[in-house]
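What follows is one structure encoded as structure tokens, with my remarks underneath.
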Amino acid sequence: MVAHIQVDGDHRRDVVRYKVIRDDLVRVTVETARGNVDSKRLRTSYWSRGNWHGAARIDGRRGAELVVGTSAGAHTLFFTVLAWRSGELIRERPPGSGKEWAIDAAYNVYLGWRRTRNDGEVKMTERYVTRDNGTGHHWSGKAKTYTWRGGAGWKRSSMRPLSYQGDRNASRVAGWKVKGLKRWPF
97 MVAHIQVDGD HRRDVVRYKV IRDDLVRVTV ETARGNVDSK RLRTSYWSRG NWHGAARIDG
157 RRGAELVVGT SAGAHTLFFT VLAWRSGELI RERPPGSGKE WAIDAAYNVY LGWRRTRNDG
217 EVKMTERYVT RDNGTGHHWS GKAKTYTWRG GAGWKRSSMR PLSYQGDRNA SRVAGWKVKG
277 LKRWPF
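Okay, so the sequence shown: first residue is 97 according to my numbering, each after it adds one.
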């Protein structure tokens, strides 16, 4: 068992299991307090055995989403997010484009996700900055904010430019900024 948390939205804690089947295949299983069981197999690439990252409220529905590291690039980490919907686990795609949620931290780039909730609205903001001209200490990029719209899912609600002076300030955008998840998987 990797988590004992409400997943299906009935206000009772459910059991979450994570099993490595092979180096390139893992299985996430949820057994609800009501006794319903479903599992999802996830392929992993360049992240041998994957990474159970955690369970946290991400979207605006009741219950936690399940976050699994499934792929890695040279420095970018990619995550699959699973959600319980109508009695089964489904993949919850990130807002915008792409199949997986990404975070990054490298010499020339920072990327991260931040969840906020104000006046009942759930928002996820993807923040991405790059070092200007590949040298120096000035960084620029964008913050794209998406608002959870119930059955319609995520809808982009704003986009604004980002500008930071100094590596330390720029690095603050990187990683997960979601209550219940570690910023980095290691």
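Using N, Cα and C, we set each Cβ at its ideal position, and we do this for glycine too.
| Asked | Found |
| --- | --- |
| What residue from T241, G262 and R210 has the CA that sits closest to R256's CA? | T241 |
| Three or more beta-carbon pairs under 8 Å between the segment 128-136 and the segment 146-159, yes or no? | no |
| Quick check on this structure: which residue in V218, V124 and F174 has the alpha carbon closest to the alpha carbon of D143? | According to the sequence shown, residue 143 is Trp rather than Asp. Selected option, being the one with the closest Cα: F174. |
| Would you kindly work out how many angstroms separate the C-alpha atoms of T176 and G246, rounded to a whole number? | 20 Å |
| Compute the distance between the beta-carbons of V225 and V164, then report whether it is under 8 Å. | no |
| Could you tell me which residues DSSP puts in a beta bridge with P191? | Looking at the DSSP assignment, P191 forms no beta bridge with any residue, so it has no partner. |
| Just verifying my parser: in three-state terms, what is the DSSP assignment at A99? | strand |
| Kindly indicate the opening and closing residues of the alpha helix (DSSP H) around N214. | Not the alpha helix (DSSP H): N214 falls in the beta strand (DSSP E), residues V205 to N214. |
| Less than 8 Å between the C-beta atoms of S236 and S267, yes or no? | no |
| Taking T231 as the reference, which of Q261, R189 and L277 has the closest Cα? | Q261 |
| Indicate the three-state DSSP secondary structure (helix, strand or coil) for N132 in the structure shown. | coil |
| Quick check on the burial criterion: 16 or more other C-beta atoms within 10 angstroms. Buried or exposed for G208? | buried |
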